[in-house]
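First to last, the sequence lines map onto chains Z and L. Just so we're aligned, residue 1 is where the first sequence starts under UniProt numbering, counting upward by one. Just so we're aligned, residue 1 is where the second sequence starts under UniProt numbering, counting upward by one. Ideal Cβ positions, reconstructed from N, Cα and C, are used throughout, including at glycine. Here the structure is a predicted model, which means the values were calculated and not measured.
Protein chains: 2
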Amino acid sequence: MENEGVYKVAVIGSGNWGSVAAKIIASNTIKQNIFHDEVRMWVYEETFPSGEKLSETINGNHENCKYLPGINLGSNVIADPDLENTVRDADMLVFVTPHSYAKGICKRLAGKIKPKAKAISLIKGMEVKKEGSCMISKLITDVLGINCCVLMGANIANEIAEEKLSEATIGYTEDKEVANRWAQLFATPYFLVSIVEDSIGVELCGTLKNVVAIAAGLVDGLEMGNNTKAAIIRIGLKEMRAFSKLLFPSVKDNTFFESCGVGDLIASCYGGRNRRVAEAFARSGGKKSFNELEEGVLQGQKLQGVLTAQEVFEVLNDKGWEGQFPFFVTVHKICTMQLSPSSILKCGSVHSSIQLVP
Amino acid sequence: MENEGVYKVAVIGSGNWGSVAAKIIASNTIKQNIFHDEVRMWVYEETFPSGEKLSETINGNHENCKYLPGINLGSNVIADPDLENTVRDADMLVFVTPHSYAKGICKRLAGKIKPKAKAISLIKGMEVKKEGSCMISKLITDVLGINCCVLMGANIANEIAEEKLSEATIGYTEDKEVANRWAQLFATPYFLVSIVEDSIGVELCGTLKNVVAIAAGLVDGLEMGNNTKAAIIRIGLKEMRAFSKLLFPSVKDNTFFESCGVGDLIASCYGGRNRRVAEAFARSGGKKSFNELEEGVLQGQKLQGVLTAQEVFEVLNDKGWEGQFPFFVTVHKICTMQLSPSSILKCGSVHSSIQLVP
Chain Z
1 MENEGVYKVA
11 VIGSGNWGSV
21 AAKIIASNTI
31 KQNIFHDEVR
41 MWVYEETFPS
51 GEKLSETING
61 NHENCKYLPG
71 INLGSNVIAD
81 PDLENTVRDA
91 DMLVFVTPHS
101 YAKGICKRLA
111 GKIKPKAKAI
121 SLIKGMEVKK
131 EGSCMISKLI
141 TDVLGINCCV
151 LMGANIANEI
161 AEEKLSEATI
171 GYTEDKEVAN
181 RWAQLFATPY
191 FLVSIVEDSI
201 GVELCGTLKN
211 VVAIAAGLVD
221 GLEMGNNTKA
231 AIIRIGLKEM
241 RAFSKLLFPS
251 VKDNTFFESC
261 GVGDLIASCY
271 GGRNRRVAEA
281 FARSGGKKSF
291 NELEEGVLQG
301 QKLQGVLTAQ
311 EVFEVLNDKG
321 WEGQFPFFVT
331 VHKICTMQLS
341 PSSILKCGSV
351 HSSIQLVP
Chain L
1 MENEGVYKVA
11 VIGSGNWGSV
21 AAKIIASNTI
31 KQNIFHDEVR
41 MWVYEETFPS
51 GEKLSETING
61 NHENCKYLPG
71 INLGSNVIAD
81 PDLENTVRDA
91 DMLVFVTPHS
101 YAKGICKRLA
111 GKIKPKAKAI
121 SLIKGMEVKK
131 EGSCMISKLI
141 TDVLGINCCV
151 LMGANIANEI
161 AEEKLSEATI
171 GYTEDKEVAN
181 RWAQLFATPY
191 FLVSIVEDSI
201 GVELCGTLKN
211 VVAIAAGLVD
221 GLEMGNNTKA
231 AIIRIGLKEM
241 RAFSKLLFPS
251 VKDNTFFESC
261 GVGDLIASCY
271 GGRNRRVAEA
281 FARSGGKKSF
291 NELEEGVLQG
301 QKLQGVLTAQ
311 EVFEVLNDKG
321 WEGQFPFFVT
331 VHKICTMQLS
341 PSSILKCGSV
351 HSSIQLVP
């Protein structure tokens, strides 16, 4: 089966979404001659009580029994606990780690990758720094000096693992040929991929939607019904768009109509884990903290939406933009227990064009 | 309480949404001096087995016990079974009938209204004619010779009746002052209203979203999960936008980000009755017809989405546009049992930008 295709792929990360990404990619590399069959996947090694290692069980059973149980990844996915070895020969690097690890991993990879390698980031979140906030794809480009596209959802990983119809958007900056190659690597009959020349817009969609998903979960916990939930999601989308364009004027309106925008937003507001934990939070009357609930509901995984709400708030605070983004500010203040869950219902009126007669 | 405010309002229609509209309006006319307190609501008279008439019970109990039980409409809502009498003194006419009755009612009203009256349509649907399709607001303007705005959702009537937070969009064509007056009539702290200079776009959103809601219900019935549902809704929104702009080039992209667009779409795809019946249809394996299911689920009400899918299909067919709108065509063919419910999963790939390697 092995071939000597032009492009060799490495997946950096092997969590739930990383494992699904490796599965999709492996199903394509084996079929398309331009790609080397083997997909090397970096595994942050874990040792089970039995003494067996996570990477060994993946290579033995072609299944990630911890983060994606029950799904065959393909025999051409090779788990590798050695980060440097994973990337050494790779022409295409797929970054799919938790966003808080991205910077550390990039630093470890500097000087260890092929100089002409290309990257794609599936990571949601941003680096907030005093000197200006920075998207993960830019972090990768800055630290490694390579082109970096992004691929964003809608991607509820387990549903894609079951090969249920899904869409995704690839954002690129200049090099359409590279974007097309990424699309070829990812697209399957059940995973529809479109490319958009707006890398930052695509990445911001994937990142900010998690904040809106928190708000959607709050509405679920408050049992306000579909109309209210739709209103809150729409107001969230409006602030996502306004925030993105204010921060990066190159961001295009059209991007928000793509799968990474309205598609991922809807999937996350009805199905994701940010929504789930926020619902539990509202049901507790805001008495249990998000940290406490994450433990119970997510079993050790961190909630992206709460982190992103904090990051967005820091940007708003730094720029003096709080007044224009009552929705984002409210979500952050609810997450940090400065406001009650039902405050989310009061942040919409700023966005309606009618001043009520008092 | 009675005052002699400048503008007198009549509501033409008293179904579920019409009754809620009358309630909202009545809560504002009583508070704002520019409106006459009384809101006259035309009731298509029905006689109950007890011999009592619908209009009498509304005026006696300030409640529409048939179409909006349990909700106080306000004592200033006056039910009137006489259509001409309802509109005679009205300066502001709110049209909220089933869309198939709109034309007949307009014809009955011709010459019977104040010449300077203004209208607003809350009706979803379009008139498909050989000489070109026509929105309901244009029908009203053409037959009655008056300005007609539109107000579209998200509006799941019962949730608004309970004063849960909702948004709506008013579309206008030229006269912003009139649009603002309508907004003042409708806006409440729980019913947030924005105005948009794109009457046709707003009306098309309200109309076409029902077709997408059918597709969303099919996905629910097929138990495909949140990712697939989000993809189908997004693809539907894409065709809504493309169809609207092709048919009426003045339609603005921004309108689809308003409540009438993405807000109403989400609410209808998760909460509306089009979704509900389509889910039942898919669960029956497409064996029970929509007509049959409407009987059981809707108790005599007609399903707007099926009618609109037919109207849209006629337009596509007439213009030779079927190839560009596989989603709309597929929904119509599923509704008419020419295709199986699961066909909805196959119409998305046309809209992804990647051609799969066979």
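Contact of L345 of chain L with chain Z by beta-carbon distance below 8 Å involves L165.
Cβ-Cβ separation between V262 of chain Z and V196 of chain L: approximately 18 Å, too far for a contact (criterion under 8 Å). In terms of CA proximity to S194 of chain L, L:G153 leads the group L:V211, L:M240, L:G153, L:L204. Out of Z:N155, Z:E159, Z:K164, the CA that lies nearest to the CA of I170 of chain Z is found in Z:N155. Beta-bridge pairing by DSSP links F35 of chain L to L:Y7. Uninterrupted beta strand (DSSP E) stretches at least 3 residues long and entirely within the segment 44 to 127 of chain Z occur at 77 to 80, 92 to 95, 118 to 121, given in chain order. Contact check for D198 of chain Z against V251 of chain Z passes: the beta carbons are separated by less than 8 Å. Here DSSP, grouped into helix, strand and coil, assigns F256 of chain L to helix.
Using a CB distance cut-off of 8 Å, L246 of chain Z does not count as an interface residue toward chain L.
The beta-carbon of Y172 of chain L is placed no less than 8 Å from the nearest beta-carbon of chain Z. In this structure, K53 of chain L sits away from E63 of chain L, with a CB-CB distance that is not shorter than 8 Å. Comparing alpha carbon positions, the residue from Z:I30, Z:K164, Z:L165, Z:V20 closest to L73 of chain Z is Z:V20. Leaving aside the five residues that flank L339 of chain Z on each side, the residues in its chain whose CB is nearer than 8 Å to its CB run, in chain order, T330, K333. Going by DSSP, S194 of chain L is part of no alpha helix (DSSP H) but of the beta strand (DSSP E) stretching over 191 to 196. For I170 of chain L, the secondary structure class from DSSP, reduced to helix, strand or coil, is strand.
Distance from the CA atom of D80 of chain L to the CA atom of Y67 of chain L, rounded to whole angstroms, is 16 Å. The beta-carbon of F257 of chain Z is placed less than 8 Å from the nearest beta-carbon of chain L. For K238 of chain Z, at least one C-beta of chain L is nearer than 8 Å to its own C-beta. Contact annotation: the segment 221 to 232 of chain L touches the segment 264 to 282 of chain L, with at least three C-beta pairs closer than 8 Å.
Shortest Cα-Cα distance from E56 of chain Z to any of Z:V39, Z:P69, Z:F35, Z:I78 involves Z:I78. A Cβ of chain Z is located within less than 8 Å of the beta carbon of I160 of chain L.
With three or more CB-CB distances shorter than 8 Å, the segment 87 to 100 of chain Z counts as touching the segment 8 to 20 of chain Z. With the criterion set as a beta carbon lying under 8 Å from some beta carbon of chain L, the members of the segment 183 to 214 of chain Z are A183, Q184, A187, T188, P189, L192, V193, S194, I195, in sequence order. With fewer than 16 other Cβ atoms inside 10 Å of its own Cβ, T47 of chain Z counts as exposed. Per the DSSP secondary-structure output, R40 of chain L pairs in a beta bridge with L:A10, L:I78.
Put simply, the CB of N16 of chain L is far from chain Z, with every gap to its CB atoms at 8 Å or more. Contact between the segment 198 to 211 of chain Z and the segment 254 to 270 of chain Z is present: three or more C-beta pairs spanning the two stretches fall below 8 Å. Taking 9 Å as the upper bound on Cβ-Cβ separation, chain L lies near residues G261, V262, G263, D264, L265, I266, A267, S268, C269, Y270, G271, G272 of the segment 260 to 283 of chain Z. Of all residues in the segment 212 to 231 of chain L, only M224, G225, N226, N227, T228, K229, A230, A231 come within less than 8 Å of chain Z when Cβ atoms are compared, listed by chain position. Between A179 of chain Z and I34 of chain L, the alpha-carbon positions lie close to 58 Å from each other. Against chain Z, the CB of D175 of chain L has no partner CB under 8 Å away; the residue lies outside that interface. By the neighbour-count definition (other C-beta atoms within 10 Å, threshold 16), D264 of chain L is a buried residue. The residues V212, A216, L265, C269, in chain order, have a CB closer than 7 Å to that of I233 of chain Z in the same chain once the five nearest residues on each side in sequence are set aside. By the neighbour-count definition (other C-beta atoms within 10 Å, threshold 16), K116 of chain Z is an exposed residue.
Think of a sphere of 8 Å around the beta carbon of S352 of chain Z: the chain L residues whose beta carbon falls inside it are E167, A187, L192, V193, S194, in chain order. Taking the Cα of M126 of chain L as reference, the smallest distance to any Cα among L:N158, L:N210, L:A183 is reached at L:N210.
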